[in-house]
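Undergrad: Could you have a look at this structure, given as structure tokens, before my questions?
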Amino acid sequence: YYENQVKSIVAKYTYINKDKEKDIFIASSFMNADECSVRFNGYITLSREF
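Under the UniProt record's numbering, the first residue of the sequence shown is numbered 1, with each subsequent residue one higher.
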């Protein structure tokens, strides 16, 4: 994942439960031109209400 047009993918996820409480986090991944899978790097929690 460090060669062949490496791209970093960062996504923000917001989960809302039935009580309208939110959990928000950002996840990071890598992908390149030769792999069909994506390597997951981890996540950072921004807000946790439940």
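No residue lacks a Cβ here, since even glycine has one placed at the ideal position from N, Cα and C.
Note that this is a predicted model, so its numbers are computed, not measured.
Could you tell me the boundaries of the beta strand (DSSP E) in which N32 lies?
TA: Careful: N32 lies outside any beta strand (DSSP E) and carries neither H nor E.
Undergrad: Expressed to the nearest angstrom, what Euclidean distance is found between the alpha-carbon atoms of Y15 and I24?
TA: 6 angstroms
Undergrad: What are the boundary residues of the beta strand (DSSP E) that includes F40?
TA: R39 to R48
Undergrad: Go ahead and pull the three-state DSSP assignment for K22.
TA: strand
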